[in-house]
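First the structure, in the form of structure tokens, and then the observations on it.
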Amino acid sequence: MLEHLSATLAASPASLAIQERLWIVPAVQAIHILAIAILVFSAFSANAALLRGKGTATATPWLPSAYRWTWGALLLLLVSGAILVVGEPDRSLMNIIFRVKMVLVLLTAALTLLLQHLSGRSGSLSLGTGARWSLVALSTAIWLAIIFCGRFIAYFGDLSS
Amino acid sequence: MHSFLLWLQGTSLATVIAEATWLFPIIETLHVIGLALAVGSILSFDLRVLGLGWKARALATLNRDILPWTWAGFLLALTTGLLMFASAAERYAANPLFLVKIGLLLLAGLNAAIFHLHPHHRRFATEQHLSPILKASATASLTLWVGTIVLGRWIGFV
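Residue numbers (our numbering), protein chains in the order written: chain A, 1 to 161; chain B, 1001 to 1158.
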């Protein structure tokens, strides 16, 4: 199914337009990396704040804005990522690491929603130390794994040949 | 200079990085993580100084809250950047975009030094005195770091 989608996308006018203009891919990749920078700082500093636990809400009044920046950056990553997929569909859709990356993005989006919901208005997690550290470690590990997948797509995992 | 570059990329560490299948992608990914931490924190700092974002972060604690992230990311990006440079020193040194990127990095460093050493910076934490000089420095910082990222990506296409 993805093989068919990749072939259809590659022949589409949008894909051909991106392929013809050689500056589009590096420009969009640069925007993608800027969005990664915004996301990494927002998500990681939010996670570090959550480690402090309950009773320190006044220390992190900026937690809601950290989540706003995280979601904004994720949206920018999805839009710029979609342009890159349309421009080079074989490189992404026909790569096993790209598929793993997309599953991880869904997982981390769900986990971020959960952390945002649990921290709520108090700006802290009312959980035991073990549960709090586990959730934060899992969230951080998935973000890091997504960045590894994003770079490794350029080197490994090609299914098209 | 040329003989130094040849020596550098001939060292056993540089040869291993250039030849091992997995090592370069791993170092490159760590470079992305490092620059993401450094640039993400710097852009957030600058946006807060300019009043364009992160307004819930107090200026009084901005240095303490954000700069440790910047230094951690910068050290990771610098170490991995040097390792990648060593693996193909001659090729990088001949790439004009790489040289412009290094120039922008030096300018960004100089700009950061001006921001933090300027006499106005002492009054910065009181939230009363965000002088035009500090705001101009934050604007320059935003521009220089975005430029560095754009050039860093373009190096791979030249």
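Ideal Cβ positions, reconstructed from N, Cα and C, are used throughout, including at glycine.
Original post:
Does the distance from the C-beta atom of B/L1105 to that of B/T1070 stay below 7 Å?
Top reply: Position 105 of the second sequence, counting from 1, holds the residue named residue 1105 of chain B. Position 70 of the second sequence, counting from 1, holds the residue named residue 1070 of chain B. Not a contact, by the Cβ cut-off of 7 Å.
(Q) Taking 7 Å as the threshold (C-beta atoms), are A/Y155 and B/L1025 in contact? (A) The residue labelled residue 1025 of chain B in the question sits at position 25 within the second sequence. The residue labelled residue 155 of chain A in the question sits at position 155 within the first sequence. Here the sequence assigns Pro to residue 1025 of chain B, which means Leu is not the residue at that position. Yes, they are a contact pair.
Practice item. Say whether chain B places a C-beta atom closer than 7 Å to the C-beta of A/Y67. Key: Translated into the one-based positions of the first sequence, residue 67 of chain A becomes position 67. Answer no: the Cβ-Cβ gap between A/Y67 and chain B never drops below 7 Å.
B/P1119 to B/L1062, Cα distance in whole Å? On the second sequence, position 119 is the one that residue 1119 of chain B refers to. On the second sequence, position 62 is the one that residue 1062 of chain B refers to. Taking the straight line from one Cα to the other gives about 17 Å.
- What is the residue span of the alpha helix (DSSP H) that A/M1 lies within? For the purposes of this step, residue 1 of chain A is taken as residue 1 along the first sequence, with counting starting at 1. Here A/M1 belongs to no alpha helix (DSSP H), and DSSP marks it neither H nor E.
Item to complete: Return no unless some Cβ of chain B is closer than 7 Å to the Cβ of A/Q29.
Response: For the purposes of this step, residue 29 of chain A is taken as residue 29 along the first sequence, with counting starting at 1. Judged by the 7 Å Cβ criterion, A/Q29 is in contact with chain B.
message: Using the three-state DSSP reduction, which class does A/N95 fall into: helix, strand or coil?
response: Counted from its first residue, the first sequence places residue 95 of chain A at position 95. In the structure shown, A/N95 sits in a strand (DSSP, three-state: E or B).
State buried or exposed for B/T1080, treating a residue as buried only when at least 16 other CB atoms are found within 10 Å of its CB.
Locating residue 1080 of chain B in the second sequence gives position 80, counting from the first residue. Buried.
**Report entry** Nearest candidate by alpha-carbon position, reference A/R132, set A/A46, A/L51, A/W71
**Finding:** Counting from 1 along the first sequence, the entry for residue 132 of chain A is found at position 132. Looking at the Cα atoms, A/L51 is the closest of the given residues.
Q. To which residues of the same chain is B/K1135 closer than 7 Å at the C-beta, ignoring the five residues directly before and after it?
A. If you number the second sequence from 1, residue 1135 of chain B lands on position 135. The answer, listed in chain order, is V1049, L1050.
Could you check if B/F1045 is buried or exposed, using at least 16 other CB atoms within 10 Å of its CB as the buried criterion? For the purposes of this step, residue 1045 of chain B is taken as residue 45 along the second sequence, with counting starting at 1. It is buried - the Cβ of B/F1045 has at least 16 other Cβ atoms within 10 Å.
Discussion item. Residues in the same chain with beta-carbon distance under 7 Å from B/L1047, minus the five sequence neighbours each way, listed in chain order, please.
Written reply: As a first step, residue 1047 of chain B is located in the second sequence; it is residue number 47 there, counting from the start. The answer, listed in chain order, is G1053, W1054.
Exercise. Counting contacts by CB-CB distance shorter than 7 Å, is A/V105 in contact with chain B?
Worked result: Translated into the one-based positions of the first sequence, residue 105 of chain A becomes position 105. No, because no Cβ of chain B sits closer than 7 Å to the Cβ of A/V105.
*Taking one C-beta from the stretch 1006 to 1014 of chain B and one from the stretch 2 to 17 of chain A each time, how about it: are there three or more such pairs within less than 8 Å?*
no
- Which value, in whole angstroms, describes the spacing of the CA atoms of B/R1091 and A/R151? The residue you call residue 1091 of chain B lines up with position 91 of the second sequence. The residue you call residue 151 of chain A lines up with position 151 of the first sequence. So the alpha carbons of these two residues sit roughly 21 Å apart.
I'd like to know whether the C-beta of A/I36 is nearer than 7 Å to at least one C-beta of chain B.
Within the first sequence, numbered from 1, the residue matching residue 36 of chain A stands at position 36. Yes, A/I36 lies at the interface with chain B (some Cβ there is under 7 Å from its Cβ).
*asked:* Judging by CA-CA distance, which residue of B/V1100, B/A1112, B/N1095 is the nearest neighbour of B/F1074?
replied: Here the question's residue 1074 of chain B lines up with position 74 in the second sequence. Ranking the options by Cα distance to B/F1074, first place goes to B/A1112.
- Item | Closest residue to B/V1100 among B/L1151, B/I1114, B/F1115, B/T1143 (Cα-Cα distance) | Here the question's residue 1100 of chain B lines up with position 100 in the second sequence. Minimum Cα distance to B/V1100 is reached at B/L1151.
Query raised in the report: What residues match up with A/D158 in a beta bridge as DSSP calls it?
Result: Indexing the first sequence from 1 puts residue 158 of chain A at position 158. Note: A/D158 sits in a beta bridge opposite A/N95.
Cβ-based burial, B/T1021 [other Cβ within 10 Å; buried from 16]: The residue you call residue 1021 of chain B lines up with position 21 of the second sequence. Its Cβ having fewer than 16 others within 10 Å, B/T1021 is exposed.
Worksheet item: Beta carbon of B/A1108, beta carbon of B/W1145: below 7 Å?
Response: Numbered from its first residue, the second sequence carries residue 1108 of chain B at position 108. Numbered from its first residue, the second sequence carries residue 1145 of chain B at position 145. Yes, the pair counts as a contact, with Cβ atoms nearer than the cut-off.
*Neighbour list for B/F1157 in chain A, Cβ cutoff strictly below 7 Å*: In the second sequence, residue 1157 of chain B corresponds to position 157, counting from 1. Per Cβ cutoff of 7 Å: P26.
Using CA coordinates, which residue listed in A/V40, A/I97, A/P89 is at the minimum distance from A/G157?
Numbered from 1 along the first sequence, position 157 holds the residue referred to as residue 157 of chain A. Nearest of A/V40, A/I97, A/P89 to A/G157, Cα basis: A/I97.
* Specify whether the stretch 105 to 119 of chain A and the stretch 26 to 41 of chain A touch according to this definition: at least 3 beta carbon pairs, one from each stretch, less than 8 Å apart. => no
Checklist entry - Exposed or buried, which one is A/L75 when buried takes at least 16 other CB atoms within 10 Å? => result Position 75 of the first sequence, counted from the start, is the residue given in the question as residue 75 of chain A. Classification of A/L75: exposed, given that the 10 Å Cβ count is below 16.
* Asked: Just how far apart, CA to CA, sit A/A49 and A/A141?
  -> As a working note, residue 49 of chain A is residue 49 in the first sequence. As a working note, residue 141 of chain A is residue 141 in the first sequence. The straight-line gap from Cα to Cα measures roughly 16 Å.
* Asked: Would you report the Cα separation of B/A1086 and B/L1030, rounded to the nearest angstrom?
  -> Here the question's residue 1086 of chain B lines up with position 86 in the second sequence. Here the question's residue 1030 of chain B lines up with position 30 in the second sequence. One C-alpha to the other measures close to 16 Å.
Legend entry - Bounding residues of the alpha helix (DSSP H) (the contiguous stretch that carries B/I1133): Counted from its first residue, the second sequence places residue 1133 of chain B at position 133. That run of the alpha helix (DSSP H) goes 1132 to 1154.
Distance check for A/T8 and A/A57, CA to CA, integer angstroms please.
Walking along the first sequence from the start, residue 57 of chain A turns up at place 57. Walking along the first sequence from the start, residue 8 of chain A turns up at place 8. With a pLDDT of only 47 at A/A57, under the threshold of 50, the placement of this residue in the model should not be trusted, and no figure is reported.
Tell me which residues of the stretch 1009 to 1034 of chain B have at least one Cβ-Cβ distance to chain A shorter than 7 Å, keeping chain order. P1025, E1028, T1029, V1032, I1033
**Asked** Does the beta-carbon distance from A/T164 to A/G123 come in below 7 Å?
**Response** This structure gives no information on residue 164 of chain A, because the portion of chain A shown stretches from 1 to 161.
Q.
What does the Cβ neighbour count give for A/V40, buried or exposed, with the cut at 16 atoms within 10 Å?
A. Indexing the first sequence from 1 puts residue 40 of chain A at position 40. Burial call: buried.
Check: Using the rule of at least 16 other Cβ atoms within 10 Å of the residue's Cβ for burial, across every protein chain shown, is B/P1132 buried or exposed?
Finding: Your numbering for residue 1132 of chain B matches position 132 in the second sequence. The residue is exposed, with fewer than 16 neighbouring Cβ atoms inside 10 Å.
By the 9 Å beta-carbon criterion, what residues does the stretch 1037 to 1049 of chain B contribute toward chain A? L1037, A1038, V1039, G1040, S1041, I1042, L1043, S1044
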